[in-house]
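These notes concern the structure reproduced below.
Chains as they are written, first to last, in this note's numbering: chain A, 1 to 341; chain P, 1001 to 1243.
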């Protein structure tokens, strides 16, 4: 026969209220060292009370309020560790390059889509000029026809305004390319192909009017890195789409979460590169006083640096980790356990 | 109502009530209104300080202007993520509606989870006013929009802890004798006692008699008669009976 509910409540109530008070104190950031010990003890006892209430007093308001209390305490006690700086360093030193290497199938597929778009755009303008010129934006056509670069407008407007406009535009393109993966990949594929077609068509149009050199001169400095980041965002979007279309052994939702986390890490990890290249695009690319070959060299160097980092970075450490993977996974479990208790 | 089951290391299962789309939509409206109000206030404060707002920005130095525009763009997104990470999954609107973002185990979200679910607002918003997110939340088992599915997060309700109702019970020595009541029966009596004061007198008398019939069946007829006569006596009996 269980203890009468009123007796149970009056006996244990003081502890529950103390725990509730400590949680409020924790939220206010006023928790003392001695409180921590009390918090631990009170939470464990409240959890035991909840177990008992679930057996003896199921469906009563004691059980509901204990459930609420334990949930509040649990959410605060088992929060994520706060060594964000170290996690960030580890992410850029090892995890991001390793991620790109591990998911290279998607990176290649994404690059193929973008380059395929470029080829289609260029071919269309090259083979059927009158019809395909609709692919080229009208602003571009007008300025090219009159023998000027439309990008000259950029060098007339102050570079910082151009840089910020370009940065926001790039961010929007990358976000759409990644998140479009949730539409079963349609958004991602469309973003990659359309951007490719646009680039190819504009390039071919400029070539027909003898201005390809000037176009290359303009995009050489920022183009390689910018297109690379778009390819990586596309790869992340394709990862999400693949998880949706072919979840394998796992349920769709679990697979989506697992792959989505990796894809998001890829996109967010590349965001700083995109911000930096926006500055290059705003300041360096339109600068008339810099010679073209210098811009070309700068663009090639930046692109090589990015891919060198992504393909080779952290490789030594990764090998080390693989060699000791058995012990390291055990030690990670132990570390997690120790941060939890 | 949907619930989220959580297994804790203390070997006791918690179940958290999940927030439905109505609550979530309201929380979003509060946040959107707060952001909008913040921009309006910022604009007016600025227009008090400088007479020509547009000229003020044009006079800015180059890099400052670029950073400003990028900052404005990011503020919309950073607001959600920063709030959720710093305040245990609560933005202003979620705090007002008493809901919070949680991982599948009920703990507060980390930077990555929060960043992902807020980045996906762009898709959930499609084609307008979160239509896609709404549809996803309707069909997904746990009222998750696409961003939540991707980040593995849910929204749970932080209901208030209600205990004072047990104070209504009498201390043990005055308890009325009889076969012990089950916890559910005690809950029933307490619910009745809590509301009895507000009932229509006739309903109060009738319900009191029904309750006495049910929980005082062991009493002889002579002892039951005064309980039938007065609602106050019936409620006092029930109070002692449930203790």
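We put the beta carbon where it would ideally sit given N, CA and C, even for glycine.
- Rounded to the nearest whole angstrom, the CA to CA distance from residue 1186 of chain P to residue 1110 of chain P is 42 angstroms.
- Contacts with chain P at 8 angstroms (Cβ-Cβ) do not include residue 106 of chain A.
- A direct Cα-to-Cα measurement between residue 32 of chain A and residue 76 of chain A gives close to 15 angstroms.
- Put simply, the segment 1007–1027 of chain P touches the segment 1094–1103 of chain P. At least three CB pairs are less than 8 angstroms apart.
- Residue 19 of chain A places its beta carbon less than 8 angstroms from that of residue 42 of chain A.
- Interface criterion met: the Cβ of residue 1187 of chain P is under 8 angstroms from a Cβ in chain A.
- Minimum Cα-Cα distance from residue 243 of chain A among the listed residues P:1193, P:1006, P:1013, P:1150 corresponds to P:1150.
- Taking residue 204 of chain A as the centre and dropping the five residues before and after it, the same chain places the C-beta of 122, 125, 126 closer than 6 angstroms to its C-beta, in chain order.
- Scanning the segment 45–72 of chain A from its first residue to its last, no whole beta strand (DSSP E) run of 3-plus residues comes out.
- Setting aside the 5 residues that flank it on each side, residue 1016 of chain P is surrounded in the same chain by 1004, 1106, 1156, each with a C-beta closer than 6 angstroms to its C-beta; the list follows chain order.
- Nearest CB-CB separation between residue 1015 of chain P and chain A: below the 8 angstroms threshold.
- In the DSSP assignment, residue 1103 of chain P falls within the unbroken beta strand (DSSP E) covering 1099–1103.
- Checking the DSSP bridge columns, you'll see residue 1092 of chain P has no partner listed.
- Those residues of the segment 1025–1047 of chain P placed with their C-beta closer than 8 angstroms to a C-beta in chain A do not exist.
- Under the 8 angstroms Cβ criterion, the segment 251–260 of chain A does not count as touching the segment 194–203 of chain A, having fewer than three qualifying pairs.
- In this structure the segment 221–234 of chain A touches the segment 291–299 of chain A; the number of beta carbon pairs closer than 8 angstroms is three or more.
- Per the Cβ contact rule, the segment 1109–1124 of chain P is in contact with the segment 175–190 of chain A (3 or more Cβ pairs under 8 angstroms).
- If you keep only unbroken alpha helix (DSSP H) runs of at least 4 residues inside the segment 1102–1129 of chain P, you get 1111–1119, 1121–1124.
- Inter-residue distance for residue 120 of chain A and residue 1142 of chain P is about 43 angstroms (C-alpha atoms, whole angstroms).
- One Cα belongs to residue 1205 of chain P, the other to residue 1038 of chain P, and the distance between them is close to 55 angstroms.
- In this structure, DSSP gives residue 128 of chain A a state outside helix and strand, which the three-state scheme calls coil.
- Under the DSSP assignment, residue 1157 of chain P falls in the beta strand (DSSP E) whose first and last residues are 1153–1157.
- From the listed residues P:1034, P:1131, P:1104, the smallest Cα separation to residue 1083 of chain P is found for P:1034.
- Residues of chain A with a Cβ closer than 7 angstroms to the Cβ of residue 1008 of chain P are, in chain order, 47, 74.
- Taken through DSSP and simplified to helix, strand or coil, residue 242 of chain A comes out as helix.
- In this structure, residue 57 of chain A sits near residue 1183 of chain P, with a CB-CB distance shorter than 8 angstroms.
- By the criterion of at least three beta-carbon pairs nearer than 8 angstroms, the segment 88–101 of chain A is not in contact with the segment 1218–1233 of chain P.
- Taking C-beta separations shorter than 7 angstroms and ignoring five residues to either side along the sequence, the partners of residue 1242 of chain P in its chain run 1169, 1181, 1186, 1189, 1190, following chain order.
- In the structure shown, the three-state DSSP call for residue 1201 of chain P is helix.
- About 7 angstroms separates the Cβ atoms of residue 1227 of chain P and residue 1216 of chain P, confirming a contact at the 8 angstroms cut-off.
- Excluding sequence positions up to five before and after residue 241 of chain A, its CB lies within less than 7 angstroms of the CB of 181, 184, 185, 188, all in the same chain and listed in chain order.
- Nearest to residue 1008 of chain P by alpha-carbon distance, out of A:202, A:46, A:232, is A:46.
- The three-state secondary structure of residue 291 of chain A, taken from DSSP, is coil.
- Beyond the five residues adjoining it in sequence on each side, residue 304 of chain A comes within less than 7 angstroms, by CB distance, of no other residue in the same chain.
- Comparing alpha-carbon positions, the option among A:245, A:112, A:246 lying closest to residue 235 of chain A turns out to be A:112.
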